[in-house]
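Enquirer:
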Amino acid sequence: MLALEFIGFTYVTNFLTTGLEQVIFDVFDSANRLFRDWGLPVRFLYLDSLTLEPGYLITIRTPEGSINLYPLEVLVDFLDYRLKVEMEKNDGLEMNKIFGITSFPLASRNRYFDFYESFLGYQTERLDRRIMVLSMRPFESDVLRVALRVLESPHEDEMTKKLAKMVVRREMEILRSRLLKGILHEVGHAFGLGHCSNSCVMNPPRNIWEWDTRPVAYCDSCWRKLRRGLNEASGDL
Ligand SMILES: [Zn+2]
Ligand SMILES: [Zn+2]
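Mapped onto our numbering, the consecutive letters of the sequence shown carry residue numbers -10 to 226.
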């Protein structure tokens, strides 16, 4: 029996509608269920949400207009700090990685990442610690955003709200699947997987529609490599 390796899991936000928050909990559960079903000795450990001070927000101009966000550098610092606190508790869990989902687009102070760069998240290493960040933003459809706004508005009639609710239910399902695949993709990288060209979450898409055609799975070759990477990580060959 392999020792389980844990990845701290949190989300970074200063505002999230309840529906979107539920999506994060759903994908957390789904990912852990998949890891277990696939016999991979890795699990996410929920570490509460991180709230950042609005003072860290920056405004950047993009081809789609100005947006407010936390720079990637700040997100990484906060996640790394959170991970260090958890590791110092030293409660016997094997854990040197953290995964943060954010409701903000990913961008650096220095330049705006275009869609394809920011799409599948970012990860970096600090000494023996690995920090992963994934934004929900590229996975959210415009339709979902509009429907959520309708639901929150006091000025819409019952019929419109009913329609909006149906749209939200369908779009949330799509969001869940996109996000879950994004999580599996980043976890794959964290344990040594590169990109592949099979029908697989490690096959990077050129756009969101291509992403929707990927299965919620690693191909056989990636799965084998991932297992090997995990065995090496836990020192059990
Ligand atoms: Zn990738
Ligand atoms: Zn693959």
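C-beta: ideal position from N, C-alpha, C; glycine also. Keep in mind that this is a model prediction, so the values were computed, not measured.
For the alpha helix (DSSP H) that Met161 lies in, which residues bound it at each end?
Expert: Counting from 1 along the sequence shown, the entry for residue 161 is found at position 172. That run of the alpha helix (DSSP H) goes 147 to 179.
Enquirer: Below 8 Å on the Cβ atoms is my contact criterion, and I expect Tyr258 with Ser38 to pass it. Report the Cβ-Cβ distance as a whole number of Å.
Expert: Beyond the ends of the chain as shown, which are -10 and 226, falls residue 258; an answer cannot be given.
Enquirer: Just verifying my parser: in three-state terms, what is the DSSP assignment at Thr6?
Expert: Here residue 6 refers to the residue found at position 17 of the sequence shown. Three-state result, Thr6: coil.
Enquirer: For Ser97, tell me which candidate among Ser124, Leu36, Pro60, Glu53 has the shortest Cα-Cα distance.
Expert: Mapped onto the sequence shown, residue 97 falls at position 108. Measuring from the Cα of Ser97, the nearest candidate turns out to be Pro60.
Enquirer: For Tyr207, does the count of other Cβ atoms within 10 angstroms reach 16, so buried, or fall short, so exposed?
Expert: Residue mapping note: residue 207 aligns to position 218 of the sequence shown, counting from 1. It is buried - the Cβ of Tyr207 has at least 16 other Cβ atoms within 10 Å.
Enquirer: Nearest-angstrom Cα distance between Ser138 and Leu168?
Expert: On the sequence shown, position 149 is the one that residue 138 refers to. On the sequence shown, position 179 is the one that residue 168 refers to. Correcting the residue identity first, residue 138 is Arg in this sequence and not Ser. Roughly 21 Å between the two C-alpha positions.
Enquirer: Tell me which residues share the same chain as Arg119 and place their Cβ nearer than 7 Å to its Cβ, disregarding the 5 neighbours each side in the sequence.
Expert: Counted from its first residue, the sequence shown places residue 119 at position 130. Taken in chain order, the residues that qualify are Asn85, Lys86, Gln112, Ala179.
Enquirer: Is the distance from the Cβ of Val16 to the Cβ of Arg165 below 7 Å?
Expert: Position 27 of the sequence shown holds residue 16. Position 176 of the sequence shown holds residue 165. Yes. Within cutoff.
Enquirer: In whole angstroms, what separates the C-alpha of Val156 from that of Ile13?
Expert: The residue you call residue 156 lines up with position 167 of the sequence shown. The residue you call residue 13 lines up with position 24 of the sequence shown. Distance between the alpha carbons of Val156 and Ile13: 19 Å.
Enquirer: Three-state secondary structure (DSSP) at Phe104?
Expert: In the sequence shown, the residue the question calls residue 104 occupies position 115. With a pLDDT of 42 at Phe104, under the threshold of 50, the predicted position of this residue should be treated as unreliable, and no value is reported.
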